[in-house]
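J.: One line per chain: the protein sequences are U and L, in this order.
Count along the first sequence starting at 1, add 1, and that's the number in our numbering.
Count along the second sequence starting at 1, add 1, and that's the number in our numbering.
Structure below; questions to follow.
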Amino acid sequence: EAGVTQSPTHLIKTRGQQATLRCSPISGHTSVYWYQQALGLGLQFLLWYDEGEERNRGNFPPRFSGRQFPNYSSELNVNALELEDSALYLCASSKRGQDNEQFFGPGTRLTVL
Amino acid sequence: QKEVEQDPGPLSVPEGAIVSLNCTYSNSAFQYFMWYRQYSRKGPELLMYTYSSGNKEDGRFTAQVDKSSKYISLFIRDSQPSDSATYLCAMRPLTGANNLFFGTGTRLTVIP
Numbered sequence: 002e003a004g005v006t007q008s009p010t011h012l013i014k015t016r017g018q019q020a021t022l023r024c025s026p027i028s029g030h031t032s033v034y035w036y037q038q039a040l041g042l043g044l045q046f047l048l049w050y051d052e053g054e055e056r057n058r059g060n061f062p063p064r065f066s067g068r069q070f071p072n073y074s075s076e077l078n079v080n081a082l083e084l085e086d087s088a089l090y091l092c093a094s095s096k097r098g099q100d101n102e103q104f105f106g107p108g109t110r111l112t113v114l
Numbered sequence: 002q003k004e005v006e007q008d009p010g011p012l013s014v015p016e017g018a019i020v021s022l023n024c025t026y027s028n029s030a031f032q033y034f035m036w037y038r039q040y041s042r043k044g045p046e047l048l049m050y051t052y053s054s055g056n057k058e059d060g061r062f063t064a065q066v067d068k069s070s071k072y073i074s075l076f077i078r079d080s081q082p083s084d085s086a087t088y089l090c091a092m093r094p095l096t097g098a099n100n101l102f103f104g105t106g107t108r109l110t111v112i113p
């Protein structure tokens, strides 16, 4: 069974640009979660999508947004990039009703210069 | 105060030692408790999760939850060099938010 995949592996942007990160969940999983892992801060919850709808968002500004497609893959968009957005962005997926078992992808390393 | 506190380490132990990793938390609504292992430049890997208080064992790993003290532990028996990684605790409430609340992780090195 293929795991959660994310693309790109690395992304380098300059301040003020926009970044788009992509995630494909495990087959059969309908929920997708996005987390930010900044140095020294641990994983911080960004967004949760289920069945194409945004169900919850963490304490991040509106320039962090995303969507979930009919095939349950997901996209995270970060507008007006700031230096402090540099982090590892992790996507996780779970089956409906099994939110305790969230399986993570390898992440996208975003660097903002 | 962070909702989940975890000693960042680093922690170095000789091969074969028993490792104890711990987290404390402040939100009494947390009911589900998870442990993840994260190797360098990889995503976190779910080791196990427990519900409410008590112990759960899976091979060399034992998770323990003490809700009265708001304290959880992960024990690793007969530690191996391949156990060298960062260990993250995570938790969530019974109802409401489905996202996980993470500790910052403890970096463990098992020395051959």
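The C-beta atom is built at its ideal place from N, Cα and C for all residues, glycine as well.
In this text, all values refer to a predicted model and were calculated from it rather than measured experimentally.
1. Just curious, the beta strand (DSSP E) that Thr6/U is in, first and last residue?
2. Taking only beta-carbon atoms, is Gln69/U less than 9 Å away from chain L?
3. For Ser53/L, I'd like the list of residues in its chain whose CB is within less than 6 Å of its CB, leaving aside the five on either flank, ordered along the chain.
4. Per DSSP, Thr51/L is paired with what?
5. Short of 8 Å in beta carbon distance, which residues of its chain neighbour Ile27/U, apart from the five on each side in sequence? Order them along the chain.
6. Quick test of your reading: Thr107/L and Gln7/L, contact by CB under 8 Å. State the CB separation rounded to the nearest angstrom.
7. Counting only the same chain and skipping the five closest in sequence on each side, list residues whose C-beta sits under 7 Å from that of Trp35/U.
8. Straight-line CA distance for Ala39/U to Arg110/U?
9. Have a look at the DSSP bridge pairing and note the partners of Pro94/L.
10. Show which residues of chain L have a CB atom less than 8 Å away from the CB atom of Gln99/U.
11. Please determine, among Met92/L, Pro9/L, Ala64/L, Ser41/L, the residue with the shortest C-alpha to C-alpha distance to Asn28/L.
12. Below 6 Å CB to CB, which residues in the same chain sit around Leu47/L once its five sequence neighbours on both sides are set aside?
13. The beta strand (DSSP E) spanning Asn57/U covers which residue range?
14. Please confirm whether Ala18/L and Ser70/L have their CB atoms less than 9 Å apart.
15. Exposed or buried, Ile77/L, counting other C-beta atoms within 10 Å across all chains shown (16 or more means buried)?
T.: Checking against the coordinates, here is how it stands:
1. Taken as a continuous stretch (DSSP letters only), the beta strand (DSSP E) holding Thr6/U covers 6–8.
2. No, its Cβ sits nowhere closer than 9 Å to a Cβ of chain L.
3. If we look at Ser53/L and ignore the five residues flanking it on each side, its Cβ neighbours are Gln32.
4. The partner list for Thr51/L (beta bridge, DSSP) reads Phe34/L.
5. Cβ neighbours of Ile27/U within its own chain (closer than 8 Å, five residues either side excluded): Glu2, Ala3, Gly4, Val5, Ser94, Phe104.
6. Indeed, because the Cβ distance is near 6 Å, the residues count as touching under 8 Å.
7. Excluding sequence neighbours, Trp35/U sits near Leu47, Leu48, Gly67, Leu77, Tyr90, Cys92.
8. Ala39/U and Arg110/U have their C-alpha atoms spaced approximately 10 Å apart.
9. Under DSSP, Pro94/L forms a beta bridge with Phe31/L.
10. None at all; the shortest Cβ gap to chain L is about 10 Å.
11. Closest by alpha carbon: Met92/L.
12. Counting only Cβ-Cβ distances below 6 Å, and skipping sequence neighbours, we find Tyr37.
13. Counting along the chain, the beta strand (DSSP E) containing Asn57/U begins and ends at 54–58.
14. No, the Cβ-Cβ distance between Ala18/L and Ser70/L is not below 9 Å.
15. So Ile77/L ends up on the buried side.
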